[in-house]
Amino acid sequence: MKRHTLFYWPNIIGYLRILLVFISWMFRQTPVVFVPLYSLSVGLDGVDGWLARRLGQTSRFGAWLDVVVDNLGRGMVWSHVWQLGWLVSAMEWCVFLCNHATQGERWKKSFSSGPPIVRAIMANGFRTPLGLWVVGGLHGLPLWLYGGQHGLLSSWLLMPPWAQAVGTVLLAAGRALALRAEIWCVWMHVHHLSRGEENDD
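Below, the structure is given as structure tokens:
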């Protein structure tokens, strides 16, 4: 990797996102600070990829950094909102390892042999209604749960309990669909490793 790759504008945004994640974690008990900072980090996730394509600054490091920051931020929130949140985070890191070990920055294009539901989720780089639902579940569910636990859904958004429940169900369903794709990724990596050992024999 060339040194100047580290200073591509999309990667600088990635460094800023890491900083936002750590600062927001320091204020996790202060929702009025945590939510804007963490939300800004999530929002910038959509900017770095667009900027990389726009400026011709795509890189393997940038693709790696993007997912690392995503997992770091979501893992932080999951560990705060649920006692077993570490399991969700562990699964996301496991999938990251499986995808990047064999596919690298092309991981989003490696689902052509997957089952129909996985292909549908990944179609057009998540830019479909189903893909957006899944991404909403990935990024939105932990933040939604945080908002519910801190009373933000009712005090900030003025949501009645039934609307909060509907939102939770929809986001949880999106996260469950993501889990379906994650399980397939891990299984395919296990298959890849075991096939390699068979060839060695």
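Once you know that position 104 of the sequence shown is 132 in the numbering used here, the rest is easy, because the numbers rise by one and skip nothing. Ideal placement from N, C-alpha and C gives every residue a C-beta, glycine not left out.
Exposure of R208 is indicated by the presence of fewer than 16 other C-beta atoms within 10 angstroms of its C-beta.
Leaving aside the five residues that flank L180 on each side, the residues in its chain whose CB is nearer than 8 Å to its CB run, in chain order, P59, V63 and Y174.
In terms of Cα proximity to V49, the closest of R223, L68, A201 and P144 is L68.
In the three-state scheme derived from DSSP, where H, G and I count as helix and E and B as strand, H167 is classed as helix.
F139 sits buried, since 16 or more C-beta atoms from the chains shown fall within 10 Å of its C-beta.
Annotated three-state conformation of G103 is helix, per DSSP. Separation of V61 and L185 (C-alpha to C-alpha, rounded to the nearest whole angstrom) is 16 Å. Note on geometry: alpha-carbon atoms of W161 and R203 lie some 8 Å from one another. The beta carbon of R102 sits closer than 8 Å to the beta carbons of V116, S117, E120, L166, H167 and P170 from its chain, once the five residues preceding and following it are set aside; these are given in chain order. Listed in chain order, the non-local C-beta contacts of D73 below 8 Å within the same chain comprise R45, D94, V97, D98 and H167, local neighbours out to five positions each way being set aside. Put simply, the backbone Cα of I149 is about 23 Å away from that of A80. Around the beta carbon of A151, fewer than 16 other beta carbons lie within 10 angstroms, which makes this residue exposed.
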